[in-house]
Amino acid sequence: MGQVEQCAKEAGLWGSRRNRGFKRRIEYYSQRLQDLRSRYDSRSMAEFSRVKQVYLGLLEQQNTFWKQRAKAFWYKEGDINSKYFHNMVKQRRRSNHVQGLMVEDGRWVNNREEVGEMIEDYYAIIFSSVQSPGEYPNWSVPMKLSEEHNLNLLRPVT
1 MGQVEQCAKE AGLWGSRRNR GFKRRIEYYS QRLQDLRSRY DSRSMAEFSR
51 VKQVYLGLLE QQNTFWKQRA KAFWYKEGDI NSKYFHNMVK QRRRSNHVQG
101 LMVEDGRWVN NREEVGEMIE DYYAIIFSSV QSPGEYPNWS VPMKLSEEHN
151 LNLLRPVT
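Each residue of the sequence shown is one higher than the one before, starting from 1 at the first, in full-length UniProt numbering.
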């Protein structure tokens with residue numbers, strides 16, 4: 001057995017010994033609280049306060065234990081949604097990819113180099129000092145949304 005396997009085995013044994021008594025200790029302190037609840041002398045009230053703090057601390061430790069345990073299983077088994085998220089990223093990349101542009105004369109250009117040149121020219125015109133504000137190439141963009149769909153998208157979220 002290698003050092004890593006030995007370390008994992010020892011850590012597992014330590015963890016099981018350390019967390020074995022949670023349920024039993026929580027039940028014990030819960031019962032102590034029930035017993036002390038009906039007593040009204042100062043000593044019992046002070047003991048009730050102390051036992052309650054220990055009880056709440058144990059509940060918090062148990063909660064932390066299960067959170068960490070769940071994370072360990074997630075890491076060990078892998079996130080079942082990772083394939084979904086990976087596919088969403090690929091889909092977004094595909095939808096954001098510029099496949100082509102329409103030239104002023106109505107011709108569709110989908111050659112990668114030509115599209116790149118058109119984009120460079122467009123931004124060179126926009127950001128040139130000679131260009132006056134508001135004067136842009138007349139590249140028409142076809143409407144893909146209906147007016148009704150556009151209004152639904154612009155409506156405030158409720």
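Glycine is no exception: its CB is placed at the ideal position from the N, C-alpha and C atoms.
CB of residue 33 within 8 Å of CB of residue 48, strictly: Yes.
Given residue 101 as reference, the closest of 93, 116 and 90 once Cα atoms are compared: That would be 116, whose Cα lies nearest to the Cα of residue 101.
In the DSSP assignment, what residue or residues form a beta bridge with residue 109? Paired residues: 101.
With burial defined as no fewer than 16 other Cβ atoms inside 10 Å of the residue's Cβ, what is the status of residue 45: buried or exposed? Around the beta carbon of residue 45, fewer than 16 other beta carbons sit within 10 angstroms, so the residue counts as exposed.
Residue range of the unbroken alpha helix (DSSP H) whose run includes residue 155: No alpha helix (DSSP H) holds residue 155; DSSP gives it neither H nor E.
Starting from residue 39, trace the alpha helix (DSSP H) both ways and give me its first and last residue. No alpha helix (DSSP H) holds residue 39; DSSP gives it neither H nor E.
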